[in-house]
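In the working numbering, the protein residues as written are 67 to 306. All C-beta atoms in this analysis are idealised placements derived from N, C-alpha and C, irrespective of residue type, glycine included. See below for the structure under consideration.
The structure is reproduced here in structure tokens:
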């Protein structure tokens, strides 16, 4: 039908744009995959680093706290954990527990938050344990690391460290990565346009030449030439 043919002609996409759109999709797709993979790798690395840092800090504090616990100097113990918390803004709280996991010293100004009563509440082993805590009406996620003091014989030290630093670092790294990917995409797009033009331009020229060829005139000249030069016509026309 003539209406259908006219619609097909209207939505016809030139070869140059087909090639360009395909290359753009490939570049954007691979760029998005790279962003996702690098984001995951950075997040995993920062998570592992934060865990090691929290364990190291807990071990350092526990070495100083053991003497105060053995001498039952709770006042000095509270002063120690308050000083350590004040020196590092990433520390949300420090708790010192007895062998039955009852809190004997902490860094909170008021009562102990109820959410902490359900963290490491069971009788602990001599292993380092990690759980996540989130206080009511607070978006902050806290990593609670519990380490035994003298294999748990005199109690446990718990350190609550926030993940704000890891979130800030991850966001900064993601923004930097997205900026680099955006620059690469722009460069790739420019290269794609140039490459598409170089590839499709000769094809377009050949297509235009083919469309402008008058096949009827060629056939007429071929017949006239064959009638005038019957012997050499076949050899000459075979070379054309």
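Taking all protein chains in view, the Cβ of residue 128 is crowded by 16 or more other Cβ atoms within 10 Å, so the residue is classified as buried. The bridge partners DSSP lists for residue 210 are 197, 226. In this structure, 247 is the residue among 261, 247, 263, 264 with its C-alpha nearest to the C-alpha of residue 102. Under a 10 Å Cβ-count criterion, residue 159 is classified as buried, with 16 or more other Cβ atoms of the shown protein chains found around its own Cβ. The bridge partners DSSP lists for residue 116 come to none. According to the DSSP assignment, residue 150 belongs to the alpha helix (DSSP H) that extends over 140-153.
Looking at the backbone, the Cα of residue 194 and that of residue 212 are separated by about 6 Å. Cβ-Cβ distances below 7 Å link residue 108 to 236, 239 in the same chain, with the five nearest sequence neighbours on each side left out; the list follows chain order. The alpha carbon of residue 220 has as its nearest neighbour, out of 192, 229, 186, 154, the alpha carbon of 192. In this structure, DSSP gives residue 172 an extended state, which the three-state scheme calls strand. A straight line joining the alpha-carbon of residue 119 with that of residue 111 spans about 12 Å. According to the DSSP assignment, residue 163 belongs to the beta strand (DSSP E) that extends over 157-163. Cβ contact annotation for residue 151 (same chain, cutoff 6 Å, sequence separation greater than five): 157, 160, 173, in chain order.
Assigned with DSSP and collapsed to three states, residue 255 falls in helix. Its Cα nearest to that of residue 170, the residue 142 stands out among 149, 115, 181, 142. Between residue 223 and residue 131, the beta carbon gap of about 6 Å places them in contact (Cβ cut-off 8 Å).
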